[in-house]
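S.K.: Got a structure for you, questions after.
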């Protein structure tokens, strides 16, 4: 018996040794720690969270291995592991283990760097391509047009990650087509004439448009800058709701311009503005949910020519009484109503900046030196780096061959320019040099990195000049460049694009809310939601506000539509404005924005687990483990059963231990926002379809993984905001992902920590963090 | 035409202040008839007067009164007469049985009917005729008082089923009585709810007519000349139309067969001699009568067609009638037993169900609450006179569709597509609803507030019924069709 026991112990010992064989090169203490606290759940049999430590390699030069060990350090440090109900290591043991693993990770850093390619290519996203050709040649190229570029693949919301943007032959085809179009649109032969198109509804007529309806007012054949003038009346509904006017791109199915307007039918207003236009048809639209029948054939909301002399109040019933009501029984417009008289468009208009960009692009004469000079000048700007004569030679040869084949010089020259726009140096950001293992980007690469980070486009002449002088990498130069760039209107591109990608706002409206459940939802509300979040971020950036206000504040950015959605009073001029929130609003901070609250919904109901996963991934930069396959969905409440909240259903759903451990970390982050429905409206009870009895009250209380309890969204946000260092680290990680166009690795951790530390004195202010990143070593690191 | 025989016309339709002269004429005519063919029949009537009141003929139930006793026995006209027009008291005008009240010799003096028809056509088409404003009728959204209007009967000679209009010919020499159905106007045929389209041309109908509803004053054009003929032409909007079998049987009335009689004269016809069994009915034939019968008459027994020789003396029968030569009444159908009538009734009921389920249940809007995003709430009261099964379909539903309709009950193109989805917020049952109302009221949440959703306007509501597409010419699909639908146009 004794012998058997000894044998058994020996077998167990061997098995345990085997189980940590992968960690064989770890120190004895580390092996012991893992054996005592980790392997029980993270072995081949249990694989808690689909994470195994029994066979995890100790080769820290492997980036993936290092990343996994880094995860172990995080879990131990944050006291998430071992779980509460398991024997706990001492603080000293934890410290020793974390320090040991961090050291090993750091040791492997140099080897991991060395494994990276000598030359990295980061293809431009289509948004960046459009900005680049505009800043290069003043050309508006419609990257979203049918047959242009596909939507870029995203990684956790980011659409500029190099690893995701592979270049396929189909891309090259499209780049060829785009390049020809861009050069053609650059009108190198001379500026196109500007002309005025005017479309009037008709003598004695006006065009009536109810919400969602509009009037095809003009077509733009040559994209560019245009001036638009229009005369119209805009009547609020009997409730006071004002119409939102929008100029709608018919092919893209989205608005390109908009504003609120109130103008009596007897006093129409003339509006004028200038902006860039893509090619296509445009409708002047009463911007709201369209009432078009799903089959596209029947429109119920009114859009028709009416007699201008007939007062609107008299339009009741009669012919077309099967269409929607124009005025109520008292003669007041039932809905916000537009009455359009005429629209005029003038252009394309030329600006001095565009003229300057095109100057010297076309040789005055067919002379070799001049051709070389022109091509080189263009290539250096297009490829964003110094270009040698040897690199230009093939293009000169090409021109000669084209001419020999019978092409005219201008045509051959333009083809050469097109060729430069399909060179990989144009549509990629190139970092590194063949034959040289550089750890840092050079000044030209830095200039591009900076300009694509803040402007989503190529560097301007000043940045090129700083790079040419070899000064840009100097901190003072970078600081100067940063200040100048954030003062430039092009910073709007960052203020629009970064929050969109970081917060995964592309998911807003991805699953359109069911119109039967949420009839008030429409495109203008959806756009207003996005505007709130992006302008909130822009406001934080411009005012350099502490990052904690991203999650908890007493203000937001509202327009009339969103104010109505939140049950708050509208800003005076109805347009987007910063407003102070009353405490009882239950809002404040991005987490209570309707955009964020709705992007995780499925169109019919809110999804607390998805909300939690989003918050973990986006705000805390901790991507939860994906759910196992074939998880049974929640069943609707049976008609003979009492109504139950989603939360109650979830609690009975996650009964498996393997599921429960993950959900314990994710769910509280989402359940804290139970007071908000699928489109972000405040609620006290949850509407449950089916079932018996009254709608149940919501419960937004919970406990964070580290044990702190909260009773609702307000307390939860406070808890989150208290740990602003954690927020800052997560934010900088997301910012670096966007700026460096790659996933942040364990090797970037130290750089991120430094950036965060440097902005601590001001309370982790937003602009300080962005500046900190730009001026950091991490930003210059390849 | 009236000039040929004014006395005949006035017997039934002359206003009451002219009744003295008329009564004299009637007395003279009756005296002649009593001596002749009617005397034996009248004697029989007297003999059977105390026996029974429609023993084996079921009094069919109106939805609002399932017990069977007639819930809507037509009463004296209580509608206020138009200012300046003669006072009417229709109940005092004796029912004019052409057989009983006219002699064959008088009838033969009448001219052919063609010129009358020409005049009637002119009535509608000629724009030069001075317009008559015919106002003072029921208001939109309010059902008329009980007993309002006048009772008129005649053969249905013009029928516009799409617009629910038509004309009754009271006598062969009189101008037609053109009419439109009120939106809540009901039609009964074979004892079941029906539509104008279910009525065969020529069928003899009993109608209750009101002045035009507010806004419908010019739907049926009137002229001074026509009104001179009779003020009753003002009453040209029907709230109720019934064929004879519906009219009599639902009031507990049947006919006892007295036998066959061979008529004489220039057009000798076989006649079915009958006497009424059951209560006296206002506006009905309350004395023994002779109805033409021949091989075109459908005789029903045991749910089958049988020869007329199956009609035996002493039988209780129900009949439907049509015009017969010289303004006699001829039988189209004779039912010898209840089961046969029940079979016909069920066929008509099913036809009615199919009709309403494809065209939707009509009603009108009592109240509206607009919202500023295009939807809102509407409260609808359904019109009466439909089969109870249809109301039950609505009662059991949560989701409906609602489209607007004109007073003709015509909906607009693709009524299904242009209908707004609606959910029921509240259902109410109104006790003892007025004639025209079902008593069922619903408050609906709609996603599309259509222009026609206004208090007092007509709507049609789709219950849980199959998708259908109506023929193009049945719904209103253009401005031209809309304009055309507003006035009576002869085919």
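Chains as they are written, first to last, in our numbering: chain A, 8 to 789; chain B, 69 to 559.
Don't be surprised by glycine CBs; every beta carbon is placed ideally from N, CA and C.
(1) Name the DSSP bridge partner or partners of residue 165/A?
(2) Checking 8 Å against the spacing of the C-beta atoms, do residue 546/A and residue 564/A come in under that value?
(3) Could you check if residue 557/A is buried or exposed, using at least 16 other CB atoms within 10 Å of its CB as the buried criterion?
(4) Along the chain, where does the alpha helix (DSSP H) that runs through residue 399/A open and close?
(5) So, is the C-beta of residue 519/B closer than 8 Å to a C-beta in chain A?
(6) Can you have a look at residue 363/B and say buried or exposed, based on whether 16 or more other CB atoms are within 10 angstroms of its CB?
(7) Mind listing which residues of the stretch 545 to 558 of chain B have their C-beta closer than 7 Å to chain A's C-betas, in chain order?
(8) So, do the stretch 504 to 518 of chain A and the stretch 735 to 751 of chain A have three or more beta carbon pairs nearer to each other than 8 Å?
(9) Tell me which residues share the same chain as residue 69/A and place their Cβ nearer than 6 Å to its Cβ, disregarding the 5 neighbours each side in the sequence.
(10) Indicate the three-state DSSP secondary structure (helix, strand or coil) for residue 483/B in the structure shown.
(11) At a Cβ threshold of 8 Å, is residue 526/A touching chain B?
(12) Under 6 Å Cβ to Cβ from residue 171/A, same chain only, skipping five residues before and after it: list those, please.
(13) What separation, rounded to the nearest whole angstrom, lies between the Cα atoms of residue 149/A and residue 772/A?
(14) With DSSP collapsed to three states, give me the class of residue 321/A.
(15) Give, in chain order, every residue of the stretch 493 to 524 of chain B whose Cβ lies closer than 8 Å to some Cβ of chain A.
(16) Under 8 Å between C-beta atoms, does residue 480/B make it to chain A?
(17) How long is the line joining the alpha carbons of residue 693/A and residue 719/A, rounded to whole angstroms?
(18) Please name the residue, chosen from 411/B, 439/B and 431/B, that lies closest to residue 343/A on a Cα-to-Cα basis.
(19) Measure from the C-beta of residue 593/A to each C-beta in chain B and report whether the shortest distance is under 8 Å.
(20) Please list, in chain order, the chain B residues whose beta carbon lies closer than 8 Å to that of residue 333/A.
(21) Just how far apart, CA to CA, sit residue 792/A and residue 135/A?
(22) Excluding the 5 residues flanking residue 21/A on each side, which residues of the same chain have their C-beta closer than 7 Å to its C-beta?
(23) So what's residue 379/B in DSSP terms, helix, strand or just coil?
(24) Classify residue 773/A as helix, strand or coil using the three-state DSSP reduction.
(25) Taking all protein chains shown into account, decide if residue 4/A is buried (16 or more other Cβ within 10 angstroms of its Cβ) or exposed.
(26) State the DSSP-derived secondary structure class of residue 656/A, mapped to helix, strand or coil.
(27) Are residue 192/A and residue 153/A touching if we call contact CB-CB under 8 Å?
(28) Run through the DSSP bridge pairs and tell me what residue 127/A is partnered with.
(29) Using a Cβ-Cβ cutoff of 9 Å, what residues of the stretch 430 to 443 of chain B are near chain A? List them in chain order.
(30) Are residue 388/B and residue 311/B touching if we call contact CB-CB under 8 Å?
(31) Kindly indicate which residue of 234/B, 245/B and 244/B has the alpha-carbon position closest to the one of residue 255/B.
(32) Decide if residue 459/B is buried, meaning its Cβ has at least 16 other Cβ atoms within 10 Å, or exposed.
(33) To the nearest angstrom, report how far apart residue 787/A and residue 778/A are at their CA atoms.
(34) Could you tell me whether the Cβ atoms of residue 698/A and residue 656/A are closer together than 8 Å?
(35) How about residue 218/A: is its C-beta nearer than 8 Å to some C-beta of chain B?
(36) Return the chain-ordered list of same chain residues with a C-beta closer than 8 Å to the C-beta of residue 527/B, the five sequence neighbours on each side being excluded.
M.R.: Taking the definition as stated:
(1) The count along the first chain starts at 1 and reaches residue 165/A at position 158. 162/A.
(2) Within the first chain, residue 546/A is the residue found at index 539, counting from 1. Within the first chain, residue 564/A is the residue found at index 557, counting from 1. Yes, these two residues count as a Cβ contact at 8 Å.
(3) Locating residue 557/A in the first chain gives position 550, counting from the first residue. Buried, since its Cβ has 16 or more Cβ neighbours within 10 Å.
(4) Within the first chain, residue 399/A is the residue found at index 392, counting from 1. Note, residue 399/A: alpha helix (DSSP H), 396 to 411.
(5) Start at 1 with the first residue of the second chain, and residue 519/B comes out as number 451. Output row for residue 519/B: interface = yes.
(6) For the purposes of this step, residue 363/B is taken as the residue at position 295 of the second chain. Burial call: exposed.
(7) 547 and 550
(8) yes
(9) Position 62 of the first chain, counting from 1, holds the residue named residue 69/A. If we look at residue 69/A and ignore the five residues flanking it on each side, it has no Cβ neighbours.
(10) For this step, residue 483/B is matched to residue 415 along the second chain. Here residue 483/B sits in coil by DSSP.
(11) Sequence index remark: in the first chain, residue 526/A carries index 519 (1-based). True, the Cβ-Cβ gap to chain B drops below 8 Å.
(12) Taking the first chain and counting its residues from 1, one reaches residue 171/A at position 164. Around residue 171/A: 160 and 162.
(13) Position 142 of the first chain holds residue 149/A. Position 765 of the first chain holds residue 772/A. Their backbone Cα atoms lie some 36 Å apart in a straight line.
(14) Here residue 321/A corresponds to residue number 314 of the first chain, with the count starting at 1. Note: residue 321/A maps to helix in three-state DSSP.
(15) 515, 516, 517, 518, 519, 520, 521, 522 and 523
(16) Here residue 480/B is taken as the residue at index 412 of the second chain, counted from 1. Closer than 8 Å to some Cβ of chain A, the Cβ of residue 480/B qualifies, so yes.
(17) Locating residue 693/A in the first chain gives position 686, counting from the first residue. Locating residue 719/A in the first chain gives position 712, counting from the first residue. Here the C-alpha atom of residue 693/A lies approximately 15 Å from the C-alpha atom of residue 719/A.
(18) The residue given as residue 343/A occupies position 336 in the first chain. Selected option, being the one with the closest Cα: 439/B.
(19) As a working note, residue 593/A is residue 586 in the first chain. Chain B, which has no Cβ nearer than 8 Å to the Cβ of residue 593/A, makes this no.
(20) The residue labelled residue 333/A in the question sits at position 326 within the first chain. Chain B residues near residue 333/A: 519.
(21) Nothing about residue 792/A can be read from this structure; chain A reaches only from 8 to 789.
(22) For the purposes of this step, residue 21/A is taken as the residue at position 14 of the first chain. With a pLDDT of 49 at residue 21/A, under the threshold of 50, the predicted position of this residue should be treated as unreliable, though the coordinate-derived value follows. Closer than 7 Å at Cβ, skipping near neighbours: no residue.
(23) Your numbering for residue 379/B matches position 311 in the second chain. Correct three-state label for residue 379/B: coil.
(24) Sequence index remark: in the first chain, residue 773/A carries index 766 (1-based). In this structure, residue 773/A counts as helix in the three-state DSSP scheme.
(25) Chain A is shown only over 8 to 789; residue 4/A falls outside these bounds and no answer can be derived.
(26) What you label residue 656/A is simply residue 649 of the first chain in a count that begins at 1. Residue state, collapsed to three classes: helix.
(27) Residue numbering aside, residue 192/A sits at position 185 when the first chain is read from its first letter. Residue numbering aside, residue 153/A sits at position 146 when the first chain is read from its first letter. No.
(28) As a position in the first chain, residue 127/A is number 120, starting the count at 1. Answer by DSSP bridge pairing, in chain order: 438/A.
(29) 436, 438, 439, 440, 441, 442 and 443
(30) In the second chain, residue 388/B corresponds to position 320, counting from 1. In the second chain, residue 311/B corresponds to position 243, counting from 1. Yes.
(31) One-based indexing of the second chain puts residue 255/B at position 187. Closest option to residue 255/B, Cα to Cα, is 234/B.
(32) Here residue 459/B is taken as the residue at index 391 of the second chain, counted from 1. Looking at its Cβ environment, which holds 16 or more other Cβ atoms inside 10 Å, residue 459/B is buried.
(33) For the purposes of this step, residue 787/A is taken as residue 780 along the first chain, with counting starting at 1. For the purposes of this step, residue 778/A is taken as residue 771 along the first chain, with counting starting at 1. If I take the Cα positions, the gap works out to 13 Å.
(34) Taking the first residue of the first chain as 1, we reach residue 698/A at position 691. Taking the first residue of the first chain as 1, we reach residue 656/A at position 649. No, the pair does not count as a contact, with Cβ atoms beyond the cut-off.
(35) The residue labelled residue 218/A in the question sits at position 211 within the first chain. Chain B, which has a Cβ nearer than 8 Å to the Cβ of residue 218/A, makes this yes.
(36) Looking up residue 527/B in the second chain gives position 459. Excluding five sequence positions before and after residue 527/B, the CB atoms of its chain that fall closer than 8 Å to its own CB belong to 430, 431, 432, 433, 446, 448, 470, 471, 472, 473, 520 and 521, given in chain order.
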